[in-house]
Each structure stands twice: as C-alpha cells, then as structure tokens.
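Heads up, the thing below is written out as structure tokens.
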Amino acid sequence: MSGGEAPLVSVGWLCVRDGRLLVVRTRGCAVHYLPGGKPEAGESLAQALRREVAEELGMAIVASSIADAFVVHDRAHGLPGRQLQMHCYRADAIGEPRPGREIAEVAWAGARERDRCAPAVQQVIGRLFGL
26 MSGGEAPLVS VGWLCVRDGR LLVVRTRGCA VHYLPGGKPE AGESLAQALR REVAEELGMA
86 IVASSIADAF VVHDRAHGLP GRQLQMHCYR ADAIGEPRPG REIAEVAWAG ARERDRCAPA
146 VQQVIGRLFG L
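Numbering-wise, the working numbering comes out as the position in the sequence shown, counting from 1, plus 25.
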C-alpha cells in the first residue's frame, strides 16, 4: 500500500449509558468497535450512521437528534498501513441494542474494558471518560 492512500472513512455512534460506551464485536474478531461503519456510494455520513445502526443493532436513530461529536484519526484495525478517519456522532435511538448482521456481541465498555477495544475506540473511551 502506498503511504498516500486516502484514509478509510467511517462513522461511529456514541451511545453512553451509566458511564459506559456501547460497543460491538463482529463475528471472528476479538476486539470491540463502535456501532457504525463505512458510508456507501452517494450516502451522507448521517445516512450511513442511521443505516449501520439499524443493520447492526436493530435500532432506529432519530434523524433530528444526530449531532457531530468529534473525528478520530488512528490506524485502521486489521488493515496494516491504512489510516482511519472515524466521524463520531451522538444521537437518540429507538429500541434496545441487539446483535444483527455481522455482529456477534453487544457490550458496554468503560476504562476497564478499554484494552479489549480497537485503537480508535480506545481513543474514544479516553476522550469521553477523561482518561
């Protein structure tokens, strides 16, 4: 891969309850990620967030509640040499999270679970919880 390759752009949903962040683990993977993923061609970041959360967790993001939080720049987990640009959003949602599609597990992570998360999610936990 060339060093000039564009970063992988993704979206991540910041759902915090009782001081813990909602994370997911995909089948065949040992680390946790934020719910979200890559936008499809012609899709806005907000549209990607709504689609990914619906597919992964069976929840409906309330479109009017979507708010930019921050962007994380880190290495893309599992893609050596590739950088990640993850646009993180806060949003209200309808329903309770349950695994769907490629999701094997839904969990809640705080400082103690930080090491079980992908590098970008470790950064998110640090920002959200002042670590």
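Idealized CB from N, CA, C, for every residue including glycine.
Residue i by DSSP, collapsed to three states: which one?
i: residue 35; result: strand
i: residue 128; result: strand
i: residue 26; result: Here residue 26 scores only 42 on pLDDT, less than 50, and its place in the model should not be relied on; the value that follows carries that caveat. Of the three classes helix, strand and coil, the one that applies to residue 26 here is coil, per DSSP.
i: residue 71; result: helix
Here's the rule: buried if 16 or more other CB atoms are within 10 angstroms of the residue's CB, otherwise exposed. What is residue i?
i: residue 104; result: exposed
i: residue 42; result: exposed
i: residue 149; result: buried
i: residue 67; result: exposed
Whole angstroms are fine: how far does the CA of residue j sit from the CA of residue i?
i: residue 45; j: residue 153; result: 9 Å
i: residue 142; j: residue 81; result: 17 Å
i: residue 50; j: residue 107; result: 20 Å
i: residue 55; j: residue 79; result: 22 Å
i: residue 157; j: residue 97; result: The requested residue 157 is not part of the displayed model; the chain covers only 26 to 156.
For residue i versus residue j, is the C-beta spacing smaller than 7 Å?
i: residue 83; j: residue 59; result: no
i: residue 91; j: residue 118; result: no
i: residue 109; j: residue 93; result: no
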